[in-house]
Amino acid sequence: MYQIVATKILAPSIKLFEIKAPKVAAKAKAGQFIILRVDDEGERIPLTIADINRNAGTLTIIFQEVGYTTKKLGCLNEGDNIVDFVGPLGQPSEIENYGRIVCVGGGVGVAPLYPITRALKEAGNEVISIIGARSKDLLIFEEEMKAVSDTFMVATDDGSYGHKGFVTDLLKQVLDEQEVKQIWAIGPGIMMKVICATTKPYEVPTIVSMNPIMVDGTGMCGACRVSVGDETKFACVDGPEFDGHLIDWDLALRRMNIFKDEEKRAEAAGSCGGGCGCQ
Amino acid sequence: MPIIKVKTSMPSQDPKVRKSNFNEVATGYTKEMALQEAERCIQCKNEPCRQGCPVEVDIPAFIQKIKDQDFAGAADKLKEKNNLPAVCGRVCPQESQCESFCTLGKKNDPVGIGRLERFAADYQLEAGVLDPEVTQSTGKRVAVVGGGPAGLTAAADLARFGHQVTVFEALHVAGGVLMYGIPEFRLPKEIVQREIDYIRKLGVDIQTNSVIGKLDTVDELLEKGYDAVFIGTGAGLPYFMDIPGENLNGVYSANEFLTRTNLMKAYKFPEAATPIKIGKRVAVVGAGNVAMDGARTALRLGAEESYIVYRRAAEQMPARDEEIEHAEEEGVQFKLLTSPIEIVGTEDGWVKGMTCVEYELGEPDDSGRRRPIKIEGSEFFMEVDTVVMAIGQGPNPLVPSTTPGMELKSKGTIVAEDGTGKTTKDGVFAGGDIVTGAATVILAMGAGKDAAKAINEYLQNK
Ligand SMILES: Cc1cc2nc3c(=O)[nH]c(=O)nc-3n(C[C@H](O)[C@H](O)[C@H](O)COP(=O)(O)OP(=O)(O)OC[C@H]3O[C@@H](n4cnc5c(N)ncnc54)[C@H](O)[C@@H]3O)c2cc1C
Ligand SMILES: Cc1cc2nc3c(=O)[nH]c(=O)nc-3n(C[C@H](O)[C@H](O)[C@H](O)COP(=O)(O)OP(=O)(O)OC[C@H]3O[C@@H](n4cnc5c(N)ncnc54)[C@H](O)[C@@H]3O)c2cc1C
Ligand code: SF4
Ligand code: SF4
Ligand code: FES
Numbered sequence: 001m002y003q004i005v006a007t008k009i010l011a012p013s014i015k016l017f018e019i020k021a022p023k024v025a026a027k028a029k030a031g032q033f034i035i036l037r038v039d040d041e042g043e044r045i046p047l048t049i050a051d052i053n054r055n056a057g058t059l060t061i062i063f064q065e066v067g068y069t070t071k072k073l074g075c076l077n078e079g080d081n082i083v084d085f086v087g088p089l090g091q092p093s094e095i096e097n098y099g100r101i102v103c104v105g106g107g108v109g110v111a112p113l114y115p116i117t118r119a120l121k122e123a124g125n126e127v128i129s130i131i132g133a134r135s136k137d138l139l140i141f142e143e144e145m146k147a148v149s150d151t152f153m154v155a156t157d158d159g160s161y162g163h164k165g166f167v168t169d170l171l172k173q174v175l176d177e178q179e180v181k182q183i184w185a186i187g188p189g190i191m192m193k194v195i196c197a198t199t200k201p202y203e204v205p206t207i208v209s210m211n212p213i214m215v216d217g218t219g220m221c222g223a224c225r226v227s228v229g230d231e232t233k234f235a236c237v238d239g240p241e242f243d244g245h246l247i248d249w250d251l252a253l254r255r256m257n258i259f260k261d262e263e264k265r266a267e268a269a270g271s272c273g274g275g276c277g278c279q
Numbered sequence: 280m281p282i283i284k285v286k287t288s289m290p291s292q293d294p295k296v297r298k299s300n301f302n303e304v305a306t307g308y309t310k311e312m313a314l315q316e317a318e319r320c321i322q323c324k325n326e327p328c329r330q331g332c333p334v335e336v337d338i339p340a341f342i343q344k345i346k347d348q349d350f351a352g353a354a355d356k357l358k359e360k361n362n363l364p365a366v367c368g369r370v371c372p373q374e375s376q377c378e379s380f381c382t383l384g385k386k387n388d389p390v391g392i393g394r395l396e397r398f399a400a401d402y403q404l405e406a407g408v409l410d411p412e413v414t415q416s417t418g419k420r421v422a423v424v425g426g427g428p429a430g431l432t433a434a435a436d437l438a439r440f441g442h443q444v445t446v447f448e449a450l451h452v453a454g455g456v457l458m459y460g461i462p463e464f465r466l467p468k469e470i471v472q473r474e475i476d477y478i479r480k481l482g483v484d485i486q487t488n489s490v491i492g493k494l495d496t497v498d499e500l501l502e503k504g505y506d507a508v509f510i511g512t513g514a515g516l517p518y519f520m521d522i523p524g525e526n527l528n529g530v531y532s533a534n535e536f537l538t539r540t541n542l543m544k545a546y547k548f549p550e551a552a553t554p555i556k557i558g559k560r561v562a563v564v565g566a567g568n569v570a571m572d573g574a575r576t577a578l579r580l581g582a583e584e585s586y587i588v589y590r591r592a593a594e595q596m597p598a599r600d601e602e603i604e605h606a607e608e609e610g611v612q613f614k615l616l617t618s619p620i621e622i623v624g625t626e627d628g629w630v631k632g633m634t635c636v637e638y639e640l641g642e643p644d645d646s647g648r649r650r651p652i653k654i655e656g657s658e659f660f661m662e663v664d665t666v667v668m669a670i671g672q673g674p675n676p677l678v679p680s681t682t683p684g685m686e687l688k689s690k691g692t693i694v695a696e697d698g699t700g701k702t703t704k705d706g707v708f709a710g711g712d713i714v715t716g717a718a719t720v721i722l723a724m725g726a727g728k729d730a731a732k733a734i735n736e737y738l739q740n741k
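Chains P and H, in that order, are what the protein sequence lines are. To convert, note that position 106 of the first sequence is 106 in the numbering used here; the numbers rise steadily by one, no gaps. To convert, note that position 274 of the second sequence is 553 in the numbering used here; the numbers rise steadily by one, no gaps.
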């Protein structure tokens with residue numbers, strides 16, 4: 001059992017949990033993820049490590065309630081336990097001093113972007129951050145990101161805060177004005193796809209964090225395969241970060257939909273049957 | 280007494296009924312059936328059957344106990360050599376192991392050793408197993424990496440020697456392939472759980488959710504005070520064919536297909552939260568146990584047609600005879616001497632079929648099996664909407680790649696000494712599929728046993 005030691009609501013349907021798992025905390029690095037199961041009938045779902053507190057032996061995860069399992073998780077409170085929590089999985093981000101870099105985050109993707117950005121800042125990079133969300137109330141981790149950035153920009157789709165439009169508009173401006181060594185982009189698949197299309201003509205290496213469907217997270221099932229260049233890679237062990245310019249995005253986005261019908265059925269069956277009184 | 284020529288048949292669920300449920304297919308001998316079958320054994324003095332068993336179960340002795348109606352005693356006899364008799368009685372390829380050496384088998388059916396083994400083990404599980412005595416501690420600590428049959432066997436024996444054993448298992452339950460791969464209808468998970476509980480009672484500490492190489496490495500385990508390490512991480516890495524269309528929606532590795540269904544209980548979806556998507560026409564590529572499991576699982580999940588597509592001929596199928604028979608009875612169709620060269624998709628990326636070619640048999644190859652040769656111009660289209668790749672598995676590199684100083688073979692398996700499991704790294708032993716490549720449960724257990732003995736000696740001299 002793994003205890004939830006703190007919870008916070010960051011935005012409507014986006015929650016932060018701190019979970020006690022000292023052994024994982026001792027090893028985890030920015031860019032890695034965990035897999036958890038809420039209860040004995042639960043699905044194994046991957047979530048990125050958003051922060052690590054080695055002294056307290058806890059890890060922070062931030063998740064958006066999008067379906068059955070994330071909603072069920074969201075019903076839990078401080079002090080509750082989940083049955084399984086395994087990690088750290090995947091390769092850590094390659095943190096070096098590249099020079100001037102840009103970190104772009106969208107939606108809940110800002111959460112996993114934060115520890116990478118912080119590590120890049122600590123490694124001496126000049127950090128330009130661009131974060132975005134559909135609207136102001138969905139924007140998370142603004143203060144945290146600001147604190148580890150030299151330049152900080154915000155875009156919202158509806159213009160309720162910062163630039164009205166997409167993060168790619170701001171990214172394009174930056175690329176037109178300044179020389180950038182490397183870009184990190186984390187967010188919904190479609191956002192990462194568009195960012196890669198934007199940065200390609202500038203030939204700036206663009207690292208994305210893929211979030212395919214996973215089961216075990218240890219290279220055993222191949223559910224997470226992504227096509228990178230001419231090769232098939234398993235995102236859980238070879239990734240989750242890859243060179244975004246080599247990704248077959250159409251394939252990656254299609255593979256996200258494999259269980260669409262089943263996901264709807266699960267949701268209809270109800271995550272907690274309303275019994276827990278969380279809604 | 281006249282010899283009964285045929286093996287007492289195994290009661291099993293009607294194929295028409297069982298192909299739509301996940302309950303166990305073979306329901307097991309009754310006491311009377313077991314006694315009848317045990318009577319067939321003529322108690323050969325030279326015990327030929329024992330050479331066929333990788334862990335040398337004292338077969339005549341345990342069968343004699345059944346004859347004497349001391350069923351629990353029979354189970355105890357089995358457990359002297361085999362920590363998981365209820366499992367082995369069900370899944371060992373007996374026809375190529377113990378039973379292939381049985382004297383009766385020369386003229387008639389061999390004794391149903393596996394069936395009797397299952398009967399005795401089940402009887403004891405049912406009657407309630409007495410808690411084993413915990414051996415007094417030697418104060419030595421051993422880490423076992425991987426909770427499959429190899430690791431569990433090594434752990435149990437090491438605990439019996441009095442060492443303090445911790446098993447580190449990557450998944451949320453121990454059991455390895457027994458839990459995630461072999462389906463419920465062939466090996467009920469409850470049986471595996473009970474056998475694992477018994478191993479726990481020997482004093483073995485099983486830590487799930489522990490991926491070695493990501494948490495501690497093998498070196499770190501040694502630094503943290505473990506006196507020896509046994510690696511039994513199996514051959515869990517699924518192979519794909521490297522043909523176009525393999526990443527289309529609807530193509531699974533057998534591991535994913537079976538893990539979703541068995542470990543995650545997708546057949547109970549949405550009551551269990553993990554989904555599986557199954558088409559109407561399913562092709563499983565390969566013809567080993569894994570492929571048979573895939574094809575039979577597909578039927579149970581609701582597929583209307585389930586095919587085994589295999590490059591070689593019927594006699595060359597590596598699966599256990601019983602699995603092939605069961606698959607046929609349930610209506611699995613065999614497309615032999617056939618292999619896909621491309622998986623074809625719809626516009627929105629779902630499988631709609633496979634382009635296949637036909638083969639004929641040529642000269643024997645290195646493995647002694649006649650080599651399949653492609654027939655030019657034999658391409659044809661096979662309409663299917665789900666494809667399961669069951670063409671084999673290799674070693675997962677997670678532990679080997681994080682353990683410097685341990686020699687590997689070219690395919691990534693670990694170099695380990697026969698009979699001891701000693702690797703080229705001091706204090707590190709290995710066994711099971713991670714050493715041999717994908718093999719069998721009992722071979723993995725045999726390797727675990729050998730390694731436990733060698734580790735015990737190593738610790739005494741340390
Ligand atoms: C490496 C990695 C890191 C991730 N990090 C985060 C994170 O930090 N925060 C966050 O909110 N989300 C993250 N995700 C996505 C998260 O895993 C899914 O949102 C979650 O699994 C959805 O489960 P559900 O039952 O609530 O929704 P469902 O209704 O099952 O699915 C909703 C969506 O999630 C996808 N999905 C479903 N099951 C899985 C699965 N087993 N693995 C991956 N995706 C799945 C589906 O394609 C679908 O688009 C990450 C995914 C990966 C692979
Ligand atoms: C579908 C299927 C059907 C089969 N049917 C039969 C059959 O009928 N009869 C038969 O004899 N054999 C059968 N086999 C083969 C048999 O199951 C294997 O040979 C046997 O399980 C090997 O045992 P093992 O202990 O070496 O490895 P495994 O059973 O693979 O166990 C390895 C364990 O190590 C864990 N692990 C891996 N990496 C790590 C890590 N880094 N840290 C911690 N833990 C880790 C894994 O999660 C797993 O639990 C079948 C195999 C499959 C896949
Ligand atoms: S363990 Fe397997 S090979 Fe050995 S006697 Fe039992 S069934 Fe036969
Ligand atoms: S060889 Fe056959 S008949 Fe002889 S002891 Fe073994 S099981 Fe019995
Ligand atoms: S999640 Fe199973 S191999 Fe990556």
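The beta carbon of each residue, even a glycine, is placed where N, CA and C say it ideally should be. Just so we're clear, the structure is a prediction, and the values are computed from it rather than from any experiment.
Going by DSSP in three states, residue i sits in which element: helix, strand or coil?
i, result
"L47(P)", "strand"
"M312(H)", "helix"
"Y586(H)", "strand"
"A709(H)", "strand"
"R225(P)", "strand"
"Y505(H)", "coil"
"M153(P)", "strand"
"H163(P)", "strand"
"G105(P)", "strand"
"D644(H)", "coil"
"Q373(H)", "helix"
Any beta carbon of chain P sitting closer than 8 angstroms to that of residue i?
i, result
"F751(H)", "No answer is possible for residue 751(H): it lies beyond the span of chain H, which begins at 280 and ends at 741."
"T692(H)", "no"
"F548(H)", "yes"
"P462(H)", "no"
"S532(H)", "yes"
"R539(H)", "yes"
"G427(H)", "no"
"G568(H)", "Correcting the residue identity first, residue 568(H) is Asn in this sequence and not Gly. No, its Cβ sits nowhere closer than 8 angstroms to a Cβ of chain P."
"A552(H)", "yes"
"P517(H)", "yes"
Does residue i come within less than 8 angstroms of chain C when only Cβ atoms are used?
i, result
"L47(P)", "In summary, chain C is missing from the structure at hand, where the protein chains are P and H."
Is residue i close to chain H, meaning its C-beta is less than 8 angstroms from at least one C-beta of that chain?
i, result
"L73(P)", "no"
"R118(P)", "no"
"D84(P)", "yes"
"G222(P)", "yes"
"G275(P)", "No answer about G275(P) holds up, because its pLDDT of 44 lies below 50 and its placement is not dependable."
"F242(P)", "no"
"A235(P)", "no"
Quiz item: Just by C-beta distance, which residues in the segment 661-686 of chain H are closer than 8 angstroms to chain P?
Solution: N675, P676, L677
Self-check item: Exercise answer, beta-carbon shell around ligand 5 heavy atoms below 7 angstroms
Solution: M214(P), V215(P), D216(P), G217(P), T218(P), G219(P), M220(P), C221(P), G222(P), A223(P), C224(P), F234(P), A235(P), C236(P), V237(P), E535(H)
Quiz prompt | Residues in the segment 50-68 of chain P having any Cβ partner in chain H nearer than 8 angstroms | solution = Y68
Quiz item: Can at least three beta-carbon pairs, one atom from the segment 489-498 of chain H and one from the segment 712-725 of chain H, be found at a separation below 8 angstroms?
Solution: no
Quiz prompt | Stretch-stretch touch, CB-based, cutoff 8 angstroms, three pairs: the segment 156-174 of chain P with the segment 121-136 of chain P | solution = yes
Quiz prompt | chain H contacts from the segment 2-18 of chain P (Cβ-Cβ distance under 8 angstroms) | solution = none
Quiz item: Using 8 angstroms as the threshold, is the segment 655-672 of chain H in touch with the segment 552-571 of chain H, meaning 3 or more CB pairs across them?
Solution: yes
Quiz item: Should the segment 609-624 of chain H be called in touch with the segment 516-534 of chain H, which here means at least 3 C-beta pairs below 8 angstroms?
Solution: yes
Quiz prompt | contact_flag[the segment 386-405 of chain H, the segment 445-455 of chain H] where n(CB pairs < 8 angstroms) is 3 or more | solution = no
Quiz item: If you pair each beta-carbon of the segment 461-470 of chain H with each one of the segment 302-315 of chain H, do three or more pairs fall below 8 angstroms?
Solution: yes
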